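In the numbering used here, the protein residues as written are 1251 to 1697.
All C-beta atoms in this analysis are idealised placements derived from N, C-alpha and C, irrespective of residue type, glycine included.
As the structure is a computational prediction, the values presented were derived from the model and not from experiment.
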Amino acid sequence: MTPQVQRYRPTLDEVSALAKRRGFVFQSSEIYGGAGGVWDYGPLGTELKRNVKQAWWREVVELRDDVVPFDAAILMHPQTWVASGHAATFHDKMVDCKVCKHRFRADHLASLEQCPDCGSKSSFTEPRNFNLMLKTFLGPAEDTASQVWLRPETAQGIFVNFKNVAQAARRKPPFGIAQVGKAFRNEITPGNFTFRTREFEQAELEFFVPPDGTDEQWYRAWVETRMRWYRRYLVEERVRFRELAKEELAHYAKSLTDVEYDFPWGWGELESIANRGAYDLNAHIKESKKDLAFFDEANKAKYVPIVVEASAGVDRTALALLIDAYDKQRYVDQNGKEAERVVLRFHSEIAPVKAAVFALARNKPELVERARTIERALRRVMRTQYDEGNIGQLYRRQDEIGTPWSVTVDYQTLEDGTVTLRDRDTMEQTRVSADQLAAVLVPRLIA
Ligand code: GAP
């Protein structure tokens, strides 16, 4: 079911305030003033991100028979980045304000005439290249020979292992290798909350295609697949698929589509899907002098496969889902009074908690005991939370974290075994047998 557009559009401040208050996202090492461009995920944020990765993994790996999973290390031989071009060209142009000393990405400034921070006129240094890869040392010596980079993308771990995987998994193109993992970029100007950070997670698919003229078909098929995925979870009008013109493409790329979300500050990239030709594998063949070509036994043909890549940002997708889900709704409560609630309308696959179970009164042991028993049973099939006390307040708290279903155990439960099941979106309440809860809710999880 595609989400509806008639939703409140929150500001980034509203979303980041809720994210902190409810434990989705905290600034990294906040007690020391924070680490710039780095964020920590709290209990709910961790679940949210896990669900994003799981939804991606299910679509890209589990539901297919032509994609295998992979998990490369973050640290790689430094020559990897020479071959990929990152060592020489993975940089942004930066300028410094000579007055306030602040540093900016030249292409992020409206003009080079005036500093947006201190207002000084014509105070910028000449633009200089700034490599975005973070450096560290591998082993006990801190010299140039032991310097390595933290990977700026997960993709290269797949490319250098292409032959290992094809042979060990007995795969022949067309087939893909998928992985989810951390990547690091020393962004000059991180910002917009978790949108541009220096440590983030990518979900990448590298799909290897024989050079038989089907590469563009595969590219289009992956754009379609990814389109369906985003439309399942995000309001349709807030996602766009922008195909780049030929002159906008890197020299090796044949086609590229950016998936963009309509963030509070404008359109921002969530994923990039590209037909990269045979560029990546050829670059490693040249640099490593190893034969990474594929030998097709059946046709006795040897070739370097073409790569179709779908590279998504997990943190950006989680942020888009949080913003997209945020709604403010006026309604008439059970006492006939006008009220307002903040509700995160997450898709049930994405919601960090699926069902909350409440005891109507915390001072009635038999209610508490019954509610805890029901919650423990439901916990086996979905993520749950137990709570007790003022039901109105408990509903509002669960609405604010996007829990699709709330279950209240009351005095009637003790008599006939039924509970109140409340739907987050419609606020409708129905009575169902506690024994039937799992049978009623599990099919709704993937609806
Ligand atoms: N292997 C191709 C590649 O890395 P990219 O467009 O540079 O392509 C892919 O990155 C995705 O990774 C982006 O669409 C974005 O979602 C995410 N990403 C890139 N830089 C990021 C950053 N600094 N912070 C958060 N996510 C980032």
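(1) Beta-carbon within less than 7 Å of Cys1347's beta-carbon, same chain only, minus the 5 sequence neighbours each way: which residues are those?
(2) Ala1528: buried (16+ other C-beta within 10 angstroms of its C-beta) or exposed?
(3) Please report the straight-line C-alpha distance between Trp1468 and Pro1555, rounded to a whole angstrom.
(4) With hydrogens ignored, establish whether the beta-carbon of Glu1590 is closer than 6 Å to any heavy atom of ligand 1.
(5) Run through the DSSP bridge pairs and tell me what Leu1455 is partnered with.
(6) Using CA coordinates, which residue listed in Phe1596, Ile1438, Leu1455, Trp1307 is at the minimum distance from Leu1294?
(7) Rounded to whole angstroms, what is the Cα-Cα separation between Val1415 and Arg1421?
(8) Could you check where the beta strand (DSSP E) with Ile1523 kicks off and where it finishes?
(9) Have a look at Gln1329, Asp1574, Phe1320 and flag the residue whose alpha-carbon is nearest the alpha-carbon of Tyr1480.
(10) Measuring only the C-alpha atoms, how far is Pro1377 from Asp1465?
(11) Smallest Cα separation from Leu1520: which of Phe1545, Leu1499, Ala1500, Arg1446?
(12) Tell me the residue span of the alpha helix (DSSP H) that contains Ser1266.
(13) Between the alpha carbons of Thr1261 and Glu1650, how many angstroms are there, rounded?
(14) I want to check one thing, is the minimum distance from the CB of Ala1337 to the heavy atoms of ligand 1 below 6 Å?
(15) Starting from Glu1619, trace the alpha helix (DSSP H) both ways and give me its first and last residue.
(16) What is the residue span of the alpha helix (DSSP H) that Ala1471 lies within?
(17) Secondary structure at His1358, three-state DSSP: helix, strand or coil?
(18) Compare the Cα-Cα distances from Gln1584 to each of Asn1381, Pro1693, Ala1551, Ile1641 and report the closest residue.
(19) With a CB to CB cut of under 8 Å and the five nearest residues on each side skipped, what residues in its chain are close to Lys1604?
(20) Residues in its own chain within less than 6 Å of Ala1322 by CB, not counting five upstream and five downstream?
(21) Assuming the contact rule is C-beta atoms closer than 8 Å, Gly1426 and Phe1457 should be a hit. Round their C-beta distance to whole Å, please.
By the coordinates alone:
(1) Shown here for Cys1347: same chain residues with a beta carbon closer than 7 Å to its own, the five before and five after excluded, namely Cys1365, Asp1367, Cys1368, Ser1370, Ser1373, Phe1374 in chain order.
(2) Counting the other CB atoms within 10 Å of its CB gives Ala1528 a total of 16 or more, which places it among the buried residues.
(3) Rounded to the nearest angstrom, the two C-alpha atoms are 13 Å apart.
(4) False, no ligand heavy atom lies under 6 Å from that Cβ.
(5) Beta-bridge pairing links Leu1455 to Ala1428, Ala1560.
(6) Looking at the Cα atoms, Phe1596 is the closest of the given residues.
(7) When rounded, the distance between both Cα atoms is 8 Å.
(8) 1516–1525 is the extent of the beta strand (DSSP E) around Ile1523.
(9) Minimum Cα distance to Tyr1480 is reached at Asp1574.
(10) The C-alpha of Pro1377 lies about 38 Å from the C-alpha of Asp1465.
(11) Nearest C-alpha to Leu1520: Arg1446.
(12) First-last of the alpha helix (DSSP H) with Ser1266: 1262–1271.
(13) Each residue's Cα considered, the two are about 16 Å apart.
(14) False, no ligand heavy atom lies under 6 Å from that Cβ.
(15) Where Glu1619 is concerned, the enclosing alpha helix (DSSP H) stretches over 1615–1629.
(16) For Ala1471, the enclosing alpha helix (DSSP H) begins and ends at 1465–1483.
(17) When secondary structure is reduced to three states using DSSP, His1358 falls in the helix class.
(18) For the residues Asn1381, Pro1693, Ala1551, Ile1641, the minimum Cα distance to Gln1584 belongs to Ile1641.
(19) Excluding the 5 residues flanking it on each side, Lys1604 has same chain C-beta neighbours closer than 8 Å at Ser1598, Met1632, Arg1633, Thr1634, Thr1653, Pro1654, Trp1655, Leu1691, Leu1695, in chain order.
(20) The beta carbon of Ala1322 is closer than 6 Å to those of Gly1407 in its chain, skipping five residues each way along the sequence.
(21) 4 Å between Cβ atoms; contact.
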